[in-house]
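Trainee:
See the structure below:
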């Protein structure tokens with residue numbers, strides 16, 4: 001009997017985590033207007049340690065992040081800024097950089 005190989009979805013993303021929804025919306029507007037890059041906004045504003053790396057989270061599988069995060073990363077458009085996404089940690093801006 002041949003075993004079935006289970007293929008898990010994986011993605012790469014970066015995020016900005018802040019405590020305030022209004023700040024999250026303001027940063028998204030500035031990024032989309034080209035006033036600041038996602039990386040600069042993360043370094044200057046994110047409360048997550050990944051902010052020092054421009055918000056880069058690296059590669060991860062479905063189910064490794066909180067459900068609110070997973071819903072966006074594994075379903076929404078790659079290469080655009082999504083959010084605010086509210087989680088138990090605060091408000092996130094997410095950019096999916098790759099998904100397979």
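In full-length UniProt numbering, the protein residues as written are 1 to 100.
Positions of the beta carbon are idealized from the N, C-alpha and C atoms, including for glycine.
1. Using the three-state DSSP reduction, which class does residue 96 fall into: helix, strand or coil?
2. Around the C-beta of residue 66, are 16 or more other C-beta atoms found within 10 angstroms, so that it is buried, or is it exposed?
3. Select from 17, 64, 23 and 58 the residue whose C-alpha is nearest the C-alpha of residue 42.
4. List the DSSP bridge partners of residue 16.
5. Residue 14 and residue 54 look like a contact to me (Cβ under 8 angstroms); what is the Cβ gap, rounded to whole Å?
6. Pull the bridge partners of residue 59 from the DSSP assignment, please.
7. Within 10 Å of its beta-carbon, does residue 90 have 16 or more other beta-carbons around it, so buried, or fewer, so exposed?
8. Residues in its own chain within less than 6 angstroms of residue 12 by CB, not counting five upstream and five downstream?
Mentor: Put simply:
1. strand
2. exposed
3. 17
4. 93
5. 6 angstroms
6. 12
7. buried
8. 59, 97 and 98
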